[in-house]
Amino acid sequence: MYNADYFGSFHDLEGSWMDPGEFEMDCGYQDDALQENFCDQTPLPEEWRSFAPTEDPWEFQQQRAEFMQEEEAGPSSEFRACEVPELSFLDQFLAVVERVFRQCLRTKLGLLLEVGIPILFFCITVFLWSLWGTEKFTETNFVNYSHMQSFIDADFYMFYVCSRTPGGVHGLPPCNPGVPLDCKGDESTLPVKGLCVYASVGASLLLHAFLNSFNGRIAELPTLDAIVVFQWLARKSFKMDSSPFGIYPKTRFSAITSSGMLYFVGDPTFLRGLTAEFEKSSKFFNYVNGGIYNTMKEAERQFENNPFNWGIVHVRRADRHALDAIIYLNATAVPDFDEIVSDAYPGGFQFDRAEMYVLSGYLTLQKLISEYYINQLSPTLRLDTTAYIASQAFVEYRQATFLMNARDILPLIFVLAFLYSVSTRTKAIVLEKEMRIREAMLIMGMKDVVIYAVWLVRSVSIDFFVCIFISILLKCTYMTQSDPFIIFCVFFLFTLTTIPLSGLLSAFFSKARLASLLSPIIYFILTLPTMATSETNSALTIIFALLSPSAFVTILKHILADEFARGFSAKNLADSLYEPKTVVVLCVMLVDFFIYFILMLYLDAVIPKDWGTNKHPFFFIIDPIRWYFSKGDVYEGGGPDGRAPDGVFEHDGEEEEGIVVRICGLRKVYRRGGKRFTAVQNLYWNLREGEISVLLGRNGAGKSTTLNMMTGMVRPDGGDCYVYGLSVRHQLSRVRREIGFCPQHNILWPELTCREHLEFFAKIKGLKGAELEKAVQRMLHETDMLEKIDFPAMRLSGGQKRKLSLGLAFVGQSRLVFLDEPTAGMDVGARRHIWELLRRMSSFHTILLTTHYMDEADLLGHRIGIMKNGSLQCSGSSLFLKSRLGLGYSLTIAMVPDGDFDSIHQIVEENIPNVLFLGYSGFHLSYCLPMSEASNFSELLYSIEGHANYGVCGYSISAATLEDVFLR
């Protein structure tokens, strides 16, 4: 006996020859090494089966006997595919929850890290708090005239500042020759040149000493000259190095750098006298005098044209009854006016508050204007006062040193505590997408809402526990005054927003490794806007709050600020102290949750994926419009036949019995580069019950798009597919209950066992109790995996993983099973075992198979369809296609080196007139024999055997293969 495709393998001339008609009916492999029969659908012999080992030999023998009795009795009715019952949300939800719970138990380290890393961040802050402790400050009154030595002279700068410009600067002493100087800095914007500080002190040290000299002591109010000189030094030094200063809005640094020209508006007579008094009392006033103007508009116009401005003095009234003057300074030169009393005041004096009125020159200008006005009213009484300033006295208080020093960085630490959780969840979603597990679950009937619900429940459960622990930890350590429930709500609401944020980030990635690397960076970037800006702009803060990490930082700043005073509680949520109010930011963060969730669903639909088809960015607008205006063009149950006009199609017969899947004019059109591309052209095809149908085609032929439309992953532009009478267009959820699916790649979770995989996919199909256990055991038996029943998938070989993936498609007793290259990557032995399994399964299921192996399609396919450029080119049984499209039979004659080649060639032409000579290959003659001459093959071969003296040493003849048909 010879196989179907090659039945005469260079035997000697005395060997028997097989009639051409016989090999067409026999496709058995007689090779003893193979020991397989692919045409016979009976179960494998007993000695080939594997059983799960048990400690009790008698139990093992009993188990084996039960299986043998079932095989002798015929196919089990329980194992037959049947209509899957209605699947409830609860059943699928519990199945997924059980699977996720098992995965968590098997990956304890990952779960521990997801829970422990956020807690670890907070434990580190508690450790730092314990190191720094709490500092106690006694009651202090800074107005103490007994400590006169602590006064700072208004003109102490004169001892350190000098001019090295030839001719000098009026009012500044010349620099001593030979003494080291510090003259670094940019003087291009200054009205004077050669401004230096003696190097023994240095410009930076002198400037910082001046800026920090008005808190915690009593000091003399600086003169106008002192203010002007330090404005010059600040502008010169900060121009050189702005990094430590320029990024701080509304601080003592911004106050001293708000310098330039000073403009006067009002009664010219009064102002001329005032400016004359300024010139008399100040050596440097002429450098900053911007002139006198009648109206504010004139002064403001000049103000806008000058890049460096100090301010505007507007004297609205100056008579013997009243002085009404307004001093306008830059907004960054003075503190905010909207915060008079702070509930978050911790005690003691605060930097960057009251001293800004001194450093900006406001108090000095106020003193000079007031003195001049009083002297004008009483010329005989010259008022010459010395003004002193001192910090406000305070009562005894305690201060957490850690909070005081780390208040600005703590919000960032709190946000980064959840960075690992976001990264892990993003990676997990992308991994399921990369492994196409989610696709397989959806195709086999899993509801999308179940997947999202379990994902939310798992994440919320972990975050709830973490937030409870963190709230208790903070309440017991350094946030003792704030309401722990409010702290919990803030943290829990933020963690809620990170769940859809992880899903949103996952939409941009198709590789889990890349997602795990980039998602933490993106998460960190979302924190920066609020950390790098001030909260003075309420609208900007609300806009930044649309980024939930930034909103979280804003709220934490409010809580930490109030912790210094009375603590943060529910009544502080609407406190006007903060703008925007804390409750507003909380509401925005709640809105963030829904925004992120909607964006996650939207981006998951429109961003291209490795599988399926992405939707148009405006699909929510275009699809309804297209549906409304093209209702007459979208046909669902018919339309023009898109099969190749010159194709070959085997007639299904008049009877309708046995057809369970009808593909009626399926059509899909894409746009590429602005051009329309038809992926599937009005496909018509039927699948019969109990048969294996094979769909072949080159890459891009339309096979994947066809499968995606049949499984509901892609919505067709035209036509419909009916599965057991159910429409894929209108009854997709019911159709998917009938479908089992095995993609090209394994859809396995590494930590789950074979039993757990099969149980999960059986449960989402609605199997329960004894029926579930029966289906799982049967599939383990059929796939020869009983010995690996409790092995995790990570410990299986490649072939065993493929068997398990195949078993998942059948375990739910689905009536229709899609197999996408089920034997890809398997060795020959494993492939043949799978072939036998599919032969047996075809008795109970309708199977649609795609493959690149022509021998596999030839052997398994009851009906084969070949696609090209979106159209069905031919369909029918393997024998039908080869008989209609094959090139005939191939004859090869082996000759001895000195054989009579011409005589043998003449014999072949005499017996087969239409023979096609293919040429010589070594000492072999090759011919193509037409199928129409099959009746003459016997005489031809007898003639060849009868002329052995011509030097013929052997011959072979083979039928056309399916590969020949495919290539043709």
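Per the UniProt record's numbering, the very first residue in the sequence shown carries number 1; after that it's consecutive.
Note that CB positions come from ideal geometry on N, CA and C, so glycine has one too.
The structure displayed is predicted, hence computed values, not measured ones.
- For Phe214 and Phe230, the gap between their C-alpha atoms comes out near 14 Å.
- In the structure shown, Glu135 falls within a strand segment according to DSSP collapsed to helix, strand and coil.
- Straight-line measurement puts the Cα of Ala574 at about 49 Å from the Cα of Asp384.
- Only residues of its own chain outside the window of five on either side were considered, and among them Glu579 and Pro580 have a CB closer than 6 Å to the CB of Ser538, listed in chain order.
- Leu758 sits close to Val811, with the two beta carbons spaced by under 9 Å.
- The C-beta distance from Ala809 to Gln744 rounds to 12 Å, too long to fall under 8 Å, and the pair is not in contact.
- Secondary structure within the segment 363-438: the alpha helix (DSSP H) runs of 4 or more consecutive residues, fully enclosed, are 401-406, 410-416 and 419-434 (chain order).
- Here Met261 is bridged, per DSSP, to Asn309.
- Residues Phe923 of the same chain have their beta carbon placed closer than 7 Å to that of Pro897, with the five preceding and five following residues left out of the count.
- Rounded to the nearest angstrom, the gap between the Cα atoms of Phe159 and Ser282 is 17 Å.
- Between Tyr420 and Leu224, the alpha-carbon positions lie close to 56 Å from each other.
- For Leu560, the closest of Val669, Glu432 and Ala400 by C-alpha to C-alpha distance is Ala400.
- Classified as exposed, Lys297 has fewer than 16 neighbouring CB atoms from the shown chains inside 10 Å of its CB.
- Counting only runs of at least 4 residues, the segment 576-622 fully encloses the following alpha helix (DSSP H) elements, listed from N- to C-terminal order: 582-606.
- In chain order, Phe93 place their CB closer than 7 Å to the CB of Ala453, counting only its own chain and leaving out the 5 sequence neighbours on each side.
- Bridge partners of Asn289 according to DSSP: Leu262.
- Sequence-distant partners of Leu732 (beyond 5 residues in either direction) whose C-beta falls short of 7 Å from its own C-beta, in its chain, are Gly712.
- DSSP places His651 in the coil class of the three-state scheme, outside both helix and strand.
- Out of Ile369, Gly290 and Phe492, the CA that lies nearest to the CA of Asp324 is found in Ile369.
- Only exposed fits Asn176, as fewer than 16 other CB atoms lie within 10 angstroms of its CB.
- Under DSSP, Ala318 takes part in a beta bridge, and its partners are Leu323.
- If you draw a straight line from the Cα of Tyr372 to the Cα of Arg317, it is about 14 Å long.
- In the displayed model, Asp858 falls within a helix according to three-state DSSP.
- Contiguous beta strand (DSSP E) elements confined to the segment 732-813 occur at 739-742, taking only those with 3 or more residues.
- Closest option to Gly194, judged by alpha-carbon separation, among Val201, Cys183, Ala203 and Ile764: Cys183.
- At the C-beta level, Lys427 and Ser548 stay beyond 9 Å of one another.
- With 16 or more other CB atoms across the displayed protein chains lying within 10 angstroms of its CB, Ser360 is buried.
- Of the residues assessed, Ile521 falls on the exposed side of the cut-off, its CB having fewer than 16 other CB atoms within 10 angstroms.
- Here the alpha carbon of Leu262 sits roughly 25 Å from the alpha carbon of Ala219.
- Between Thr527 and Met356, the C-beta gap is not smaller than 9 Å, which leaves the two residues out of contact.
- By the criterion of at least three beta-carbon pairs nearer than 8 Å, the segment 887-894 is not in contact with the segment 696-707.
- Of the residues assessed, Lys668 falls on the buried side of the cut-off, its CB having 16 or more other CB atoms within 10 angstroms.
- Rounded to whole angstroms, the Cβ separation of Ala95 and Ile764 is 5 Å, and the two are in contact under 8 Å.
- Per DSSP, Glu187 lies in no beta strand (DSSP E) and is assigned neither H nor E.
- Taking a contact to require three or more Cβ pairs closer than 8 Å, the segment 285-294 and the segment 256-273 qualify as touching.
- Relative to the Cα of Asn405, the nearest Cα in the group Glu135, Thr851 and Ala507 belongs to Glu135.
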